[in-house]
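Position in the sequence shown (first residue = 1) + 5 = my numbering.
Every residue gets a Cβ at the ideal spot worked out from N, C-alpha and C, and that includes glycine.
Before any comments, here is the structure.
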Amino acid sequence: LTNRDIRFAASADMQRPVAEFMTTRKLVTAPVGTTLDEAQRILQERRIEKLLLVDEHKHLKGLITVKDIQKKRDYPHAATDARGRLLVGAAVGVGPDVEARVEMLVDKGVDVIVIDTAHGHSAGVIRAIQRVRHHWRDLPLVAGNVVTAEGAQALIDAGADTIKVGVGAGSICTTRVISGAGMPQVTAIFECAQVARKRDVPVIADGGIKYSGDIVKAIVAGADVVMLGSLLAGLDESPGEVVLYEGRRFKEYRGMGSLGAMQGLGKDRYSSAQGKNGKLVPEGIEGIVSYKGSLHDVIYQLVGGLRSGMGYAGAATLKDLQCRARLRRITHAGLIESHPHDVTITREAPNYYQRSA
Numbered sequence: 006l007t008n009r010d011i012r013f014a015a016s017a018d019m020q021r022p023v024a025e026f027m028t029t030r031k032l033v034t035a036p037v038g039t040t041l042d043e044a045q046r047i048l049q050e051r052r053i054e055k056l057l058l059v060d061e062h063k064h065l066k067g068l069i070t071v072k073d074i075q076k077k078r079d080y081p082h083a084a085t086d087a088r089g090r091l092l093v094g095a096a097v098g099v100g101p102d103v104e105a106r107v108e109m110l111v112d113k114g115v116d117v118i119v120i121d122t123a124h125g126h127s128a129g130v131i132r133a134i135q136r137v138r139h140h141w142r143d144l145p146l147v148a149g150n151v152v153t154a155e156g157a158q159a160l161i162d163a164g165a166d167t168i169k170v171g172v173g174a175g176s177i178c179t180t181r182v183i184s185g186a187g188m189p190q191v192t193a194i195f196e197c198a199q200v201a202r203k204r205d206v207p208v209i210a211d212g213g214i215k216y217s218g219d220i221v222k223a224i225v226a227g228a229d230v231v232m233l234g235s236l237l238a239g240l241d242e243s244p245g246e247v248v249l250y251e252g253r254r255f256k257e258y259r260g261m262g263s264l265g266a267m268q269g270l271g272k273d274r275y276s277s278a279q280g281k282n283g284k285l286v287p288e289g290i291e292g293i294v295s296y297k298g299s300l301h302d303v304i305y306q307l308v309g310g311l312r313s314g315m316g317y318a319g320a321a322t323l324k325d326l327q328c329r330a331r332l333r334r335i336t337h338a339g340l341i342e343s344h345p346h347d348v349t350i351t352r353e354a355p356n357y358y359q360r361s362a
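Right, dumping it as C-alpha cells:
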C-alpha cells in the first residue's frame with residue numbers, strides 16, 4: 006500500500022478495509038541483502054519507485070525506494086549508521102533527571118549523547134558522566150567544555166569518549182569578560198590534546214573558527230573535529246528570522262548564554278547564572294550576521310580552504326597535517342599583515358570578509 010493507492014480516495018473510502026486498496030498481485034520483490042545497484046537495475050527495468058525486500062518465507066523485511074538511491078548519490082559522505090540512517094546526537098544537562106532523559110533518547114535510537122555545559126571541569130559534570138556511563142557502557146558519550154589538561158583528564162577518567170574544548174571562544178560568547186574565566190582557543194586545544202592523545206580520545210574544538218584557515222590551525226593544534234556556529238548562522242538552513250538592516254539582509258543569531266536564550270532553556274547550560282531573586286547574569290549576546298545563502302556553498306569554501314592548507318603542508322590526510330604542519334606565534338602586526346591591507350576591497354570573495362575589531 007502506497008500513497009498512490011489512496012491519493013484520490015473519497016472520504017467514504019477511508020472507512021473501507023486496507024486490504025481492498027493493497028496491491029496483492031504481480032508484486033515486484035527482491036531478497037534481503039540486495040544492493041543499491043541491484044535495486045536500481047530492478048526499479049529501472051520494472052518502471053517502479055519502490056522495491057520490497059522479503060525473506061525466504063516471503064515476509065516483508067525492508068524497502069528500497071528511488072529516493073533512497075537518489076540520497077546516496079546526492080550525499081555520498083553522509084554520516085549514517087549500519088542501517089543507512091543519519092547519525093543523531095542529543096545534548097543533555099547535568100540535572101537530577103539526566104538518566105531519565107538519556108533513557109528516553111536511547112529508546113528513540115540516539116547515536117551519541119553530549120553532556121553539554123559551559124564549565125565541564127566540575128563535580129556536577131563528572132558525576133553526570135559517571136551516572137550515564139554506569140547505565141550505558143557502550144553509548145558514545147561526548148562531554149565538555151574544558152580548556153585545561155586537568156579538565157580533559159578529569160572527563161576522560163570519568164568515562165567520556167570524546168571531549169569538547171572551548172570556553173569563551175565563540176563570537177557571541179562573553180564568558181571571558183563577564184567571569185574572567187577561559188583560555189585562548191589554540192592554547193586550550195593544544196593542552197587538552199596532549200592528554201587526550203595518550204588515551205586515544207578525540208578532541209572537538211568548539212568556538213573560535215572565523216575563516217577556513219582557523220579549521221586548519223585547530224586541527225594542527227590537536228583537534229580531530231571542529232564545531233561551527235557563526236560561520237553557519239546566516240544560512241538558509243539555519244534558524245532565525247531574516248531581517249533587513251540598512252538595505253542588506255541579515256539573520257538573527259544568539260548564544261546559549263544570551264539573555265533571550267537563558268530565559269528559555271539556555272540556563273541549563275549555565276548553572277551559576279540564575280540568581281536567588283530570579284535575575285539572570287548572561288554570558289552571551291544576541292545579534293545579527295550577514296545572510297550567506299546556501300549551506301552547500303559555504304561548506305564548499307570551507308573544505309576548499311582546508312584542502313589548500315593541507316597542500317601547503319604537504320599533507321595527504323588530516324593525520325599527516327597534524328604531523329607535518331608547525332605552529333608559530335605571531336605579533337599583532339603579523340596578524341594585520343595576514344589579512345588584505347592597504348587596499349579597499351571592491352569585489353568581495355565568497356570565503357573572506359572583513360570583520361570588525
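Using three-state DSSP, classify E291 as helix, strand or coil. strand
Expressed to the nearest angstrom, what Euclidean distance is found between the alpha-carbon atoms of A95 and T167? About 14 Å.
To the nearest angstrom, report how far apart I350 and Y358 are at their CA atoms. 9 Å
Where do the N-terminal and C-terminal ends of the alpha helix (DSSP H) with D219 fall, by residue? S217 to A226
Give a yes or no on whether the C-beta atoms belonging to L240 and S299 are separated by under 9 Å. yes
Expressed to the nearest angstrom, what Euclidean distance is found between the alpha-carbon atoms of D121 and A163? Take the alpha-carbon of D121 and the one of A163: they are about 15 Å apart.
Could you please give me the residues that DSSP links to G34 through a beta bridge? The sequence given here places Thr at residue 34; Gly does not occur at that position. Bridge partners of T34: L57.
Collapsed DSSP secondary structure at R253 in the structure displayed: strand
Skipping 5 residues on each side, what residues in its chain have a beta carbon closer than 6 Å to that of M188? Once the five neighbours on either side are set aside, the close Cβ partners of M188 are V152.
Taking contact to mean 3 or more Cβ pairs, one atom from each stretch, closer than 8 Å, check whether the stretch 45-60 and the stretch 22-35 are in contact. yes
Less than 9 Å separating the beta-carbons of E257 and E291? Taking 9 Å as the Cβ cut-off, E257 and E291 qualify as a contacting pair.
Assuming V247 and Y296 form a contact by the criterion Cβ under 8 Å, report the distance between their Cβ atoms to the nearest whole angstrom. 6 Å
When burial is assigned at 16 or more other CB atoms within 10 Å of the CB, is P345 buried or exposed? Exposed, because fewer than 16 other Cβ atoms sit within 10 Å of the Cβ of P345.
In this structure, how does DSSP classify K66 when only helix, strand and coil are distinguished? strand
Start and end residues, alpha helix (DSSP H) containing M27: Element bounds for M27: n/a, residue is neither H nor E.
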